[in-house]
Structure formats: C-alpha cells, structure tokens
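Here the structure comes first, spelled out in structure tokens, and everything after it is commentary.
6 protein chains.
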Amino acid sequence: MATVPLLSDDDLDPRAKAVFDDIRATRGTDFVNNFWRALAHQPEVLEATWGRLKQVMGPGALDPLTKEMIYVAVSVANGCSYCIHSHTASARAKGMTAQMQGELLAVIGMAHETNGLVTALQVPVDEEFQA
Amino acid sequence: MATVPLLSDDDLDPRAKAVFDDIRATRGTDFVNNFWRALAHQPEVLEATWGRLKQVMGPGALDPLTKEMIYVAVSVANGCSYCIHSHTASARAKGMTAQMQGELLAVIGMAHETNGLVTALQVPVDEEFQA
Amino acid sequence: MATVPLLSDDDLDPRAKAVFDDIRATRGTDFVNNFWRALAHQPEVLEATWGRLKQVMGPGALDPLTKEMIYVAVSVANGCSYCIHSHTASARAKGMTAQMQGELLAVIGMAHETNGLVTALQVPVDEEFQA
Amino acid sequence: MATVPLLSDDDLDPRAKAVFDDIRATRGTDFVNNFWRALAHQPEVLEATWGRLKQVMGPGALDPLTKEMIYVAVSVANGCSYCIHSHTASARAKGMTAQMQGELLAVIGMAHETNGLVTALQVPVDEEFQA
Amino acid sequence: MATVPLLSDDDLDPRAKAVFDDIRATRGTDFVNNFWRALAHQPEVLEATWGRLKQVMGPGALDPLTKEMIYVAVSVANGCSYCIHSHTASARAKGMTAQMQGELLAVIGMAHETNGLVTALQVPVDEEFQA
Amino acid sequence: MATVPLLSDDDLDPRAKAVFDDIRATRGTDFVNNFWRALAHQPEVLEATWGRLKQVMGPGALDPLTKEMIYVAVSVANGCSYCIHSHTASARAKGMTAQMQGELLAVIGMAHETNGLVTALQVPVDEEFQA
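Structure representation (structure tokens):
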C-alpha cells in the first residue's frame, strides 16, 4: 500500500487533471500509472516531475531506448522495485529485445561486482583518468 | 590509500602477468590502471573479473559505448568514485560527446529523483507492468 | 515473511516482556508493532534498541515531529519499506499534515536528484564549506 | 577532480549567466559554489535544478532549516560527501546549533541502525500502518 | 513478479540444463531456486554466475558458513530481499544457530549505525589505518 | 575535513574523557581514532555508541575476527570509506591473513553482483526459503 491514497480521475484538481491529459496525449494511451496517481496530491511536484521527465527522456543525442535502459540501471542500484518494473516495461515498449535485456543485465551485474571490489579495495583514482 | 598494496609489473606472479598482458593487448595500450594492480594479489579473482569484463563489455546487441554509460549510471548510484572516473574516461574514449554526457547526467538525476519519490510514496506496481 | 518468527506476548522471556511493557506505557497504547516482535528473540538487542530510540526520538532541541520526518528521509534513501510505513504513520500521529508531507516528499526527491548529479559530476568540496 | 571542468564566470553562456545572477541575488552573496559551476555546461539542467531548488527549499509548511536537515539526512544515507558538506553549511547558516546538529546526528545514526535491523529481519508491515 | 519469465526444467536449452544438473549434483537436492530459473534465459550469464559462486562460496581460508553470513550482511546493506531470504536459509542449512543469527544481526545493526554516523561527520581517515 | 572539529584530549568534558579512558584500557593502546574524537561533542551518543560497540564486537557465538569481516562487508556496501579502512585494520590486527582478505573480497564482489542481478530480475522469494 502507498503512503498516500492513489487518486482516481474523478479526484483530480484542475492542475493535476491537465497533467494527466498531457500524459495521455504524449503517450497515446488512456492508461495513467500509479506513480502519477500518488503524486497527484501535490500538483506542483506532479507538474514539475512530468515536465522534466517528458523533456529528459525524449530523443536527443541519446535515443529514448538507451535512456530507458540507463533509467533501469539506476533504479536497480537504488533498489526501487516499482521503477524497475515500470522502466523495464517502457524499454520493452521502445524496442528492447530479449538479447538486449540480457546484455543490460550482464552489465548491471558486472558493474555491481566491480563497484563492490573497488570500494572494498579503496583503489585510488589513476592520474590518467583526471585529465 | 588502498587497503592492499598496488602491485607493480615486477611484483606479479605468472598468472597475474598473463592477465596484464591480455589487458594491454586487448586495449592496445601499455597503461594498466590501479584497479587491476589492486586485484593482482588474488590472481583467481583477477582472472575471473577481467575475463568477464572483456566479454560483457564487448560489442553485442548493445554497443560498447551504451554499455559504458550504463556502467557509469550504476557506479553513480552505488557512489563508487573510482568507477565513475574510470568509466567516464572509457565512455569518452569510445565516443561520448559533451552533449551525450549532459543527457546521461540528466537521466541519472531524473532517475534518482523519481526513485526517491516512488520509494517515499511506496507506490504499488501496476498490473499493466507485470504482463 | 520475516527471517525469524514474530513473538506473541505469550512467547516473551521476562526481559523482553519488560521492554514491551515500557513500549506500551510510553506510547499509551496496547499495540506493539512487528519490529519489536522480531527483535524480541534477542532481548539484549531489543533493550538497547528501544532504550536508545526512546531517548533519541524524544523532545530536545529538535521536536519529535521533525525527528520523525528526518527518520522517514533516511529510511527512503535506504529503501526500508517497513521503516517508511512505520515512521510515516508516527509522523502523522505527531501532527504531520498533508501539506507538510508534500513538502517532505519534495525535499526528498530534490535531495536524491542533486545527490545523483553531484556524484556523477564528482564535484570537489568548496573551501568555503570547510571552515 | 570533477568529471567536467568547473566553469568560471567568464566561461558562462547567457542562459547560465542568468542563473548565476539569480543565485547571487537570492542568496545575497557573490559566492557561487562548485555544484553550479559543474552543472553550467548544461544550461537546461542548471536552470531546471536551480529553479526547483529555490522553490522546494523556501519557506512553506516546513521551515527552511528543517528542510536543510532533511536534505543532510538524505545525503548521508546516499553517501554524497559534497552534499553533506554543503547542506550542513547551509543548515548552520540558517540557525542549526551544535545541540541541534547533535540530535540530527543521533537520529541519523538510529535510523540507519534500525533500517539495517528491519531489513535483515524482513519484518512484514503491520496492518495498523496501512490505514 | 519477475521482469522475465522463470524457466521450468522443460524450457531449458542444453547449456542451461547442464548448469541445473551441476547445481543439483553439487547441492545434493532436486530443488533449484528461482534465481537460477530467472537467469536461465541467458545461459552465458547463468554459467558464469554459477561457476563463480560455486568456487567463491566453497571452503578455503574462510569456512562456508562465515561466507554465507558475510553474504547476508552485504545483501542487507544493498536491500536485496530475495538475497537475504536465500542466504539466511543457506546459513541456517550450514549450521547458523539462533545465537549466531542474533549476533550477526547485532553486528549488522551496529555497522549500519556507525556507517551513518561516520558519513554524517565526514571523519578523515587516521594515518594509523593507512600503513 | 569533518563536519565538526575533532576534539583533542584536552578538549574533552568529563563524560567523554571517561569513555576515552575505557577505549584505551579495553584496546590496550593510547591511540584513540578520529571517529571517537568527532563523536566526543555529543557525550551521550559517544557513550551509547562505544558501550554498544564494545559489547557487540566482543567474543560470543561468533568470534571477533568474523565480526570484523562482517563489519567490513556492510561498510563496503554502504560506501563508508573511513569504516572500510578502520575495520580492515581491526580485522588485520585480529588475525586476518592475506588469503582470508582475498576470500572476503571475493564474497563481497560476488554478493554485490548477484544482489544486482536479483534486483534487476525482481526474482520472487521461493516458498522453500520461508519455512
């Protein structure tokens, strides 16, 4: 259970409703996931978060699928179960194949391992990396 | 300072030396960074780690640059300073532009923020994400 | 499921029972939550933890509600779901309004974002902060 | 060293310069700390981050000092050394006394301990916390 | 739910089947837990992970039970619920008594607390620890 | 630099001095490390922390060296550099050999890797682990 009630469409104030409308229009689906329904109690945080997400996750020098996989990787390291499920689903919707997911998984596992080894060893940063 | 001495080339046992030779040949440079010099005390761990890294980070369904950026993202979330420096340097060497680094940064910041929000709100996973 | 059985009141040894009595007297309720029932197998850890908690979370230079919100913030960053639920409930019981919860949420989200950005950028500490 | 060069005032593009001007005006000091100088390469991220920070950390249902202490608590749990230094300095500037800092410290230590215990025990959330 | 389907014995390709056979032979039980069933989609990652685990967790200068308790401690700090359950079960199977589990718990709690205090205080490393 | 001044022996109040005396007597050395000097501003936290540490880390069902290695493992996962240095030094003083340190390292690396894999895969806990 969430620490706040999840708002249904009928519970939204006008500012939150406008954000939900934009989420639906941008994504081309009527489905609005629970994260936004939980944030909807704070229209200001909802607006700021959706506004930034739309901008940050859109196409740029990095393509949207690459961005989703980076998002999954951060969410795994932070142990955010909801975020792992939602961004894995988004990555799949944007074209992540089983082979790509397998390689993403392998990089995540490898990075966690060497992060642990490096931290245990307290390895000093090479001068070559600081140029 | 590291929690173990960093081995110079003259201190390596034959098994560790063979790994260092392969690192140099694979990367096309004489430079071997401190992580491997710290691991060199445990030739078995050194071999296994380098062997896996070479395989995991090579080209596949995901290109090596994408993999480096995912590595950076995990390392940031795990707070591994050495890993951030070394894999940012690797990503640059593999073609990460300033614009790409800026977008990587923006995704990392965004993911951390929503990870925190979702966790604070304890949002339940939507059924739609579990199909 | 917990990794140890949760003890009911009938299962307690005298030392654990004394702690439960003090929890009930201090809080003015018969309800003893699962955390203490799981710790009750280790009366020494139970005593030490409750003793410290009672002292640390009481009124001082910081009021108990502020302390609960700080507790929630730490628990979010550490991803402790149980702790988020229990200390959010405590904060509400001590007067946290929906508006205060919304601002707490916004600070938590913001702090996670800039923690991620600062770590990715490896920003050196300004001398001005070290005085 | 940072993973990007820190920009001096002479290196700023107009958009970044406008943010620096606002930071100076808002804080009433000429000092602009390294975090903003590192972010200045990405004027869009700089603008969004400063804009949100100014809004989130200002007075509301929670006072600015309480918000700074919550910020410190998150930064400790995330292990962000720069953030701990900068927000501890901000909290002091906003009136945090040595006694308050000591209590903040005690709550942070306590929360980390019980987060660890609860996670090790995998305590199930009491129904009473989910109302 | 997992982010990949869990493979039953009938779904395995020959390489994954060989790993499952070795897991069963090594552990002397027909039971193969969900972690391996989730990894089985990536036979290469499955092989590498099982191969390393078998080697790393076997007897050496540290006995297998000590290794399991260290594994639990890392899993708690990383907030990996599945890992806490599976390695607590393994530790019990290898002889961890209730008294040992209680002391493991106390060390984990203590370490989390002082990790938080030290990080909040940003204590500089004593020269004496760097020899 | 620490976020509080480190107290020298001459700066201690009587309560803190008594703790320092006990640290010296217990450890059989005049050396008191920086952690205690930073905590000394809060005699109550200092007393409680030292009192618990002395009790928790002493001999019991687990020997002191095993406890130190568990402490190191938690500190690595939490990224506490000071704690890694101090408890690695303690473990060495209590008899950790290079071979033992190497195996500790290998378990830490392995646990981090599988923690990451399990979390990315969101593996559900087997019923067999919940008995």
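Residue numbers (the UniProt record's numbering), protein chains in the order written: chain A, 1 to 131; chain B, 1 to 131; chain C, 1 to 131; chain D, 1 to 131; chain E, 1 to 131; chain F, 1 to 131.
Where is the CB? At the ideal position from N, CA and C, for every residue including glycine.
Alpha-carbon spacing of residue i relative to residue j, whole angstroms
i: glutamine 99 (chain C); j: alanine 61 (chain D); result: 6 Å
i: leucine 6 (chain D); j: serine 81 (chain D); result: 18 Å
i: glutamine 130 (chain F); j: valine 76 (chain E); result: 17 Å
i: valine 123 (chain E); j: aspartate 10 (chain F); result: 19 Å
i: arginine 24 (chain B); j: glutamate 47 (chain E); result: 27 Å
i: histidine 41 (chain A); j: arginine 27 (chain A); result: 22 Å
i: leucine 53 (chain B); j: asparagine 78 (chain C); result: 29 Å
i: threonine 66 (chain F); j: serine 90 (chain C); result: 37 Å
i: asparagine 34 (chain B); j: leucine 121 (chain A); result: 10 Å
i: glutamate 128 (chain E); j: valine 32 (chain F); result: 10 Å
i: methionine 110 (chain B); j: methionine 1 (chain F); result: 30 Å
i: methionine 96 (chain E); j: glycine 102 (chain A); result: 35 Å
i: glycine 116 (chain E); j: arginine 92 (chain A); result: 38 Å
i: histidine 112 (chain C); j: glutamine 55 (chain E); result: 38 Å
i: threonine 114 (chain A); j: threonine 119 (chain C); result: 17 Å
i: alanine 106 (chain B); j: alanine 106 (chain A); result: 24 Å
Where the alpha helix (DSSP H) containing residue i begins and where it ends
i: methionine 110 (chain B); result: 98 to 121
i: cysteine 83 (chain B); result: 81 to 93
i: asparagine 34 (chain A); result: 34 to 39
i: glycine 51 (chain C); result: 43 to 57
i: leucine 65 (chain F); result: 64 to 77
i: proline 14 (chain A); result: 14 to 27
Residue-level contact to chain D via CB, residue i, 7 Å cutoff
i: threonine 3 (chain F); result: yes
i: glutamine 42 (chain E); result: no
i: glutamine 130 (chain A); result: yes
i: leucine 7 (chain C); result: no
Chain-order list of residues whose beta-carbon lies under 7 Å from that of residue i (same chain, five-residue window excluded)
i: isoleucine 84 (chain D); result: Val72, Ser75 and Val76
i: proline 64 (chain C); result: Met57, Gly58 and Lys94
i: histidine 87 (chain B); result: Glu68, Tyr71, Val72 and Ser75
i: valine 45 (chain C); result: Leu39
Residue i at chain A interface by Cβ criterion, 7 Å
i: valine 74 (chain F); result: no
i: isoleucine 84 (chain F); result: yes
i: valine 45 (chain E); result: yes
CB contact check: residue i to chain E, cutoff 7 Å
i: glycine 95 (chain A); result: no
Close-in-space but distant-in-sequence residues of the same chain around residue i (CB under 6 Å, 5 per side omitted)
i: isoleucine 108 (chain E); result: Ala73 and Val76
i: valine 19 (chain B); result: Leu46, Glu47 and Trp50
i: leucine 104 (chain C); result: Met69
Neighbour flag for residue i against chain F, beta carbons, 7 Å
i: alanine 91 (chain E); result: no
Neighbourhood of residue i by C-beta, 8 Å cutoff - its chain only, sequence neighbours within 5 removed
i: aspartate 30 (chain A); result: Arg24
i: aspartate 126 (chain D); result: none
i: proline 43 (chain E); result: Asp13, Arg15, Ala16 and Val19
i: tryptophan 36 (chain A); result: Val19, Phe20, Ile23, Leu46 and Trp50
i: serine 8 (chain E); result: Arg37
i: valine 4 (chain E); result: Ala38 and His41
Where the region 47 to 68 of chain A meets chain D: residues whose CB sits under 7 Å from a CB there:
Ala48 and Arg52
Name the residues in the region 99 to 118 of chain F whose C-beta lies less than 7 Å from a C-beta of chain D; which are they?
none
Listed from N- to C-terminal order along the chain, which residues in the region 11 to 37 of chain A have their beta-carbon within a distance smaller than 9 Å of any beta-carbon of chain B?
Phe31, Asn33, Asn34, Phe35 and Arg37
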